[in-house]
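Sequential numbering of the sequence shown, starting at 398, is according to my numbering. Worksheet for the structure shown next.
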Amino acid sequence: MEFTDLTRTRRSVHQYADTDIDDETLVAVFEDVRRTPSSFNLQPWEFLVVRGDDLERLRSVAYGQEHVTDAAAAVVVLGTLDPSDHAERVTTDLLEKGYLPDEAAAEARLDTVDGLADADDETRRVWTVQSCSLAAMTLMYAAWDRGIASCPMGGFDADALRSEFGVPDDYDPVLLVTLGYPAADAADIERDRKFRRDTEEVVHLDEFDPAARGPPADD
Ligand SMILES: Cc1cc2nc3c(=O)[nH]c(=O)nc-3n(C[C@H](O)[C@H](O)[C@H](O)COP(=O)(O)O)c2cc1C
């Protein structure tokens with residue numbers, strides 16, 4: 398699908414057909430996802446793919462949201478909270494391919510990452526959420542490119558999810574993404590697209606003027 402069509406036709410879908418997503422297709426989707434850009438190229442993501450009866454367990458920590466069990470699969474996007482996890486091999490790669498000029502630059506980069514690893518919880522959480530959110534968006538477009546609809550979900554109890562699925566404390570459940578071929582009459586696809594703010598309203602060319610934010614008030 399053309400990228401413009403992808404962005405214009407993707408919807409958050411709640412109604413799915415009773416059709417599985419085969420492993421080959423899932424792997425192809427994640428082949429796209431793993432190419433997502435990330436902070437320092439550290440790729441702080443892991444993806445737990447929940448299917449079958451386990452979707453009931455996921456729904457129980459997602460405030461009972463029904464589309465979790467209607468979906469063929471749901472992906473828990475897990476962000477690592479330790480920036481140093483993959484730092485050595487990522488930095489070696491940068492050096493070998495000439496993205497870094499020399500060993501000293503590589504060491505300096507590793508020091509920076511170590512500094513981030515020592516940062517407070519909130520800083521590390523923001524760090525991982527930024528990259529993992531981009532991965533989640535790639536996941537949704539990569540799926541839709543193959544006719545698989547999705548719904549991003551922040552409505553879940555992260556602590557309950559951790560304990561239900563045995564996720565260690567050094568991973569942050571950033572988002573859930575349900576996946577499935579849409580039902581033939583999926584309302585989210587049949588309806589007109591939801592409102593989006595205009596380009597002129599959200600884009601500030603050259604200068605950010607908060608006073609110009611939003612449409613004029615009605616009264
Ligand atoms: C961070 C985030 C959290 C969301 N959480 C939920 C959720 O818990 N449940 C749900 O049904 N939809 C959820 N959504 C989907 C939004 O409601 C949806 O993207 C929005 O209404 C726009 O609709 P569209 O995606 O069809 O364009 C979430 C979306 C985002 C980006």
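Ideal placement from N, C-alpha and C gives every residue a C-beta, glycine not left out.
Which value, in whole angstroms, describes the spacing of the CA atoms of residue i and residue j?
i, j, result
"Val458", "Arg559", "9 Å"
"Phe437", "Asp582", "43 Å"
"Glu561", "Ser547", "23 Å"
"Ser435", "Glu463", "32 Å"
"Val487", "Leu439", "7 Å"
"Leu455", "Ile545", "20 Å"
Helix, strand or coil, according to DSSP, for residue i in the structure here?
i, result
"Asp616", "The pLDDT assigned to Asp616 is 45, lower than 50, so where the model puts this residue is not dependable, and the model offers no usable value."
"Thr525", "helix"
"Arg405", "helix"
"Phe605", "coil"
"Asp470", "Sequence check: residue 470 is Ala here, not Asp. Correct three-state label for Ala470: strand."
"Ala501", "helix"
"Ser435", "coil"
"Tyr496", "coil"
"Arg448", "strand"
"Glu399", "coil"
"Leu576", "strand"
"Gly512", "helix"
"Ala425", "helix"
"Ser530", "helix"
"Val571", "strand"
Contact check, residue i vs residue j under 8 Å by CB: the rounded distance?
i, j, result
"Arg585", "Val410", "According to the sequence displayed, residue 585 carries Asp and not Arg. Confirmed, about 5 Å."
"Asp490", "Pro441", "That belief does not hold up - the Cβ atoms of Asp490 and Pro441 are roughly 16 Å apart, past 8 Å."
"Leu403", "Trp524", "Actually they do not touch by this definition, with Cβ atoms about 28 Å apart."
Quick check: residue i and residue j, are their CB atoms within less than 7 Å of each other?
i, j, result
"Leu478", "Arg521", "yes"
"Cys529", "Val474", "yes"
"Ala469", "Asp429", "no"
"Val426", "Ala539", "yes"
"Gly552", "Tyr496", "no"
"Leu572", "Pro549", "yes"
With 16 other CB atoms within 10 Å as the buried threshold, where does residue i fall?
i, result
"Pro579", "buried"
"Ala516", "exposed"
"Gly449", "exposed"
"Asp467", "buried"
"Pro565", "exposed"
"Leu423", "buried"
"Thr596", "exposed"
"Leu452", "buried"
"Leu419", "Position check: residue 419 holds Asp in this sequence, whereas Leu was assumed. Label assigned to Asp419: exposed."
"Gly680", "Residue coverage of the chain in this structure runs from 398 to 616, which leaves residue 680 outside it and unanswerable."
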